[in-house]
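Q: I'd like to ask some things about the structure below.
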Amino acid sequence: MRHYFLLFSLLLAKPILAQKNETHFIDSNKKSIYHYGNDSDWYLKNIPFFEISDQEIEDVYYYRWEVYKAHLRNIGDYGYVVTEFLNAMSWDHKPYNTLNAATVFHIHEGRWLKDRLYMNNYIDFMYQHGGNNRRYTESIADATYANYMINRDKDFIVKQLPSMMKIDADWQDHYDASKKLYFVEPVMDATENTISSIDASGGTDGFTGGDGFRPSINSYMYANALAISKIALLKGDQKLAEKYQQKALEQKQNFQDNLWNPTLGHFTDRFKVNNDFVKYWDFIRGRELVGFVPWVYNLPDDTEKYNSAWSRLRSPKNFGGTFGLRTVEPSYQYYMEQYRFGPNGTKECQWNGPSWPYQTTQVLLGMANLLNNYNQKEISKKDYWEILKQYADQHYKEGKLNILENYYPDQKGAIADFDQRSEHYNHSEFNDLIITGLCGIRPSEGNKLEINPLVTENVKYFCLENIRYHNQNLTILYDATGNRYKKGKGLSVYVDGKMVLKPSFLGKKVINLSNSVEIDQPSKSEINLAVNIKGKDFPKVMTSNSDATVLNQLNDGRIWYFDNVRNYYETKIFAGKENWIEIDFGTTKEFHKMVLSVLDTPDNKFTEQTFKIAIPDENKQWRIISSFSKLKTNTANQISFDLVKSSKIRLLIESEIPESVLKIGEIEVY
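And the structure:
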């Protein structure tokens, strides 16, 4: 039998090979350890490192990667998905606990991870395994194409085309052929209690009802059709590409002709519903933040008429709240009227004024497009920076990083703040905004890369380092004085470690990249044999401790180290007593390693104990196959051993300490 060994690293999957030709302006090891402690290895292998003269923006950037990783759930055969809530919700997609409402943001963020395994798994889940169940409106085809523009894996995206077309066709059940527009109930648009739903209820409710022709769903369907057209071209199907391009163009024209409200000077809903309170095809009576969503997809024509809508974004009388963007203007009759309450009177989620990271994300995406692709004078880089800063401020609760569901726009603090639900909410994006907006990387299909940082004099320096783009390492460096990095004053760009743009003034730059035909390959996918996302049947967890109330948290595919959201099994370990945790697979499996994630305890005495891994022999006696000690906390410890076959596996804990506490977040077996 070969020597057993213990590797201390968090390996959600085997990392890609270390990339060569990098720059080293940032001490990534130091930053990773500072932000992630023992868990730093995964981030070193996966995220683009970033620093900026604004400490808050930088801290939120690294926090959001921690949030993102916490929401990567291993669901077994299908690999990894990205969740919205850390814990399961009654309305999510069972048993995976996914929701498709924010999938677009998940893909936008995840496309920048160096290991493509996570997004490949997630997109496959959406299109090959029923993950996109249309619970909410979506533009996932567009986001999938945005992912393609980073890695250029043609075969992978073309594989999704049939499913994309089917889902696009399925949305015809929300299409009014007489108006040639899509409609949706606001709650299905992930925006309950909007103007249309409240007014359709006569001002008494608004959680459901209020079907309308909304700027959101019609923009999403335009974007998806355009993405399908482009993917059809990648496949070489010119006829199909032209069909969907024509569909997108017609959608755009019908949208502009019918959802621009000339009285309000804004894109607004029209009512689909017809009842005693509202009439079919009437415009709603107020402006909503959702009216800026079309610019996320560069949908509106570049005209003064449409661009003028942005003049109200920052106005205190309109959307410009002191602490966040309002979803509805304060002139609306039922602005901030609270209709829904949770346990203990906690205010529930509504969209009649509260500031939402979800739509703030959409506004910032639209602003970046406006500043890059439109001739307008309504929005400046200063506006972009100040809204980004306002958004970053919302990530703090009582001085600690913790993004919640929604916020008061005119006073500091969250509205919907539910224990074990709202914490570290993955319903928006931030890091993609930093990469594509603030730092200015504007992805495209071709070999010409446009870079246009949206920074003002508030930013003295920034570095976005070794980001993977078209199979190359890209570094963007800005140094206002030249004193920070000693490479010159201004903006410079490096590709595979070599300077390709000498320091120059800020502004739009075009970089010629090599025409690489290679693509970054994802790491090898291994199936976690221990995971049980249903919480019943097999694999089954048993322990020597009689407390079995949270046993499924040992193998539910979730791993995080936030101390304010529980996801671990806690037990006391006594000297001289048999302590064990067993996984019964229900059938014989073949495996060669265990991955053990343990959490900090007040004294961490358990790290001094001896751990053993055992399987039953032919006489049903437990045979030791590995022994180890000195576990690292708040990370995953990988224990490899010779390949074995068994229907069960046990973790044995032996202690000479009279009493200690052990917290295990997850046990994985491969």
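Under UniProt numbering, read the sequence shown as residues 1 to 670, first letter to last. Cβ coordinates follow ideal geometry from the N, Cα and C atoms, glycine included.
With respect to the beta strand (DSSP E) encompassing residue 590, which residues constitute its N-terminal and C-terminal limits?
A: Here the beta strand (DSSP E) through residue 590 covers 579-598.
Q: Between the region 118-132 and the region 92-110, can you find at least three pairs of beta-carbon atoms closer than 8 Å?
A: In short, these stretches touch, since the Cβ pair count reaches three.
Q: Hey, quick one: how far does the alpha helix (DSSP H) through residue 655 stretch, first residue to last?
A: First-last for residue 655: undefined, no H or E at that position.
Q: Report the residue ranges of all alpha helix (DSSP H) runs contained in full by the region 153-209; include only those spanning at least 4 residues, in chain order.
A: As far as the region 153-209 is concerned, its whole alpha helix (DSSP H) runs of at least 4 residues are 154-159, 161-170 and 195-200.
Q: Using the Cβ count rule (16 or more neighbours within 10 Å means buried), how would you classify residue 324?
A: So residue 324 counts as buried.
Q: Expressed to the nearest angstrom, what Euclidean distance is found between the alpha-carbon atoms of residue 404 and residue 356?
A: When rounded, the distance between both Cα atoms is 9 Å.
Q: Check residue 459 in the structure and name its three-state DSSP category.
A: Three-state result, residue 459: coil.
Q: By a C-beta neighbour count over all protein chains shown, 10 Å radius and 16 as the cutoff for buried, is residue 10 buried or exposed?
A: Low confidence applies to residue 10: its pLDDT is 36, below 50, so where it sits in the model is not reliable, and the reading given next is rough at best. Buried, because 16 or more other Cβ atoms sit within 10 Å of the Cβ of residue 10.
Q: Taking all protein chains shown into account, do 16 or more other C-beta atoms lie within 10 angstroms of the C-beta of residue 34, making it buried, or fewer, making it exposed?
A: With fewer than 16 Cβ atoms within 10 Å of its Cβ, residue 34 is classed as exposed.
Q: Give every residue of the same chain whose Cβ lies closer than 6 Å to the Cβ of residue 326, excluding the five residues on either side of it in the sequence, and list them in chain order.
A: Within the same chain, residue 326 has close Cβ partners 319, 353 and 409.
Q: Along the chain, where does the alpha helix (DSSP H) that runs through residue 366 open and close?
A: That run of the alpha helix (DSSP H) goes 357-373.
Q: I need the straight-line Cα distance from residue 504 to residue 114, nearest angstrom please.
A: Roughly 29 Å between the two C-alpha positions.
Q: Mind checking which residues open and close the alpha helix (DSSP H) that includes residue 320?
A: From DSSP, residue 320 is part of no alpha helix (DSSP H); its letter is neither H nor E.
Q: Answer with buried or exposed for residue 309, where buried requires no fewer than 16 other C-beta atoms within 10 angstroms of its C-beta.
A: Residue 309 should be labelled buried.
Q: Which partner residues of residue 119 appear in the DSSP bridge assignment?
A: Answer is none; residue 119 lacks a bridge partner.
Q: DSSP on residue 346, reduced to helix/strand/coil?
A: The answer is coil: DSSP assigns residue 346 none of H, G, I, E or B.
Q: Could you have a look at residue 642 and say whether DSSP puts it in helix, strand or coil?
A: In this structure, residue 642 counts as strand in the three-state DSSP scheme.
Q: Please classify residue 16: is it buried, with 16 or more other beta-carbons within 10 angstroms of its beta-carbon, or exposed?
A: Its pLDDT being 43, under 50, residue 16 is placed unreliably by the model, and the measurement read from it follows with that caveat. When all chains shown are included, residue 16 counts as buried.
Q: Do residue 271 and residue 279 have their C-beta atoms within less than 8 Å of each other?
A: Going by C-beta atoms, residue 271 is nearer than 8 Å to residue 279.
Q: At what residues does the alpha helix (DSSP H) containing residue 70 begin and finish?
A: Residue 70 -> alpha helix (DSSP H) spans 55-70.
Q: Roughly how many whole angstroms lie between the Cα atoms of residue 398 and residue 388?
A: Taking the straight line from one Cα to the other gives about 20 Å.
Q: In chain order, which alpha helix (DSSP H) runs of at least 4 residues are fully inside the region 446-522?
A: Here no run is fully enclosed.
Q: Please name the residue, chosen from 615, 610, 603 and 654, that lies closest to residue 577 on a Cα-to-Cα basis.
A: Taking only the C-alpha atoms, the option nearest residue 577 is 654.
Q: Quick check: does the Cβ of residue 430 come within less than 7 Å of any heavy atom belonging to the ligand GDP?
A: Because no ligand of any kind appears in the structure shown, any question about the ligand GDP cannot be addressed here.
Q: So, residue 347 versus residue 415, is the Cβ gap smaller than 8 Å?
A: Yes; because the gap between Cβ atoms is below 8 Å, this pair is in contact.
Q: Measure from the alpha carbon of residue 469 to the alpha carbon of each residue in 457, 234, 451 and 455, then state which is nearest.
A: Of 457, 234, 451 and 455, the residue nearest in Cα terms is 451.
Q: So, for residue 525: in the same chain, excluding its five sequence neighbours on each side, which residues have a beta-carbon less than 8 Å away from its beta-carbon?
A: Answer for residue 525: 13, 79, 117 and 121, listed in chain order.
Q: Please identify the residue among 474, 520 and 570 whose C-alpha is closest to the C-alpha of residue 501.
A: Taking only the C-alpha atoms, the option nearest residue 501 is 474.
Q: Between residue 376 and residue 508, what straight-line distance do the alpha-carbon atoms span, to the nearest angstrom?
A: The straight-line gap from Cα to Cα measures roughly 16 Å.
Q: Check this for me: beta carbons of residue 552 and residue 560, under 8 Å apart or not?
A: For residue 552 and residue 560, no; Cβs fall outside 8 Å.
Q: As a quick exercise: from 438, 464 and 181, pick the residue whose alpha carbon is nearest that of residue 456.
A: Nearest option by C-alpha distance: 438.
Q: Terminal residues of the continuous beta strand (DSSP E) containing residue 569?
A: Note, residue 569: beta strand (DSSP E), 569-574.
Q: Let me know the secondary structure DSSP gives residue 667 once reduced to three states.
A: In the structure shown, residue 667 sits in a strand (DSSP, three-state: E or B).
Q: According to the neighbour-count rule (16 or more other Cβ atoms, all chains shown, within 10 Å of its Cβ), is residue 413 buried or exposed?
A: Burial call: exposed.
Q: Just to confirm my understanding: we take residue 515, look at its own chain, exclude 5 residues before and 5 after, and list those with CB closer than 7 Å. What are they?
A: Contacts found: 447.
Q: Quick check on this structure: which residue in 423, 619 and 536 has the alpha carbon closest to the alpha carbon of residue 87?
A: Ranking the options by Cα distance to residue 87, first place goes to 423.
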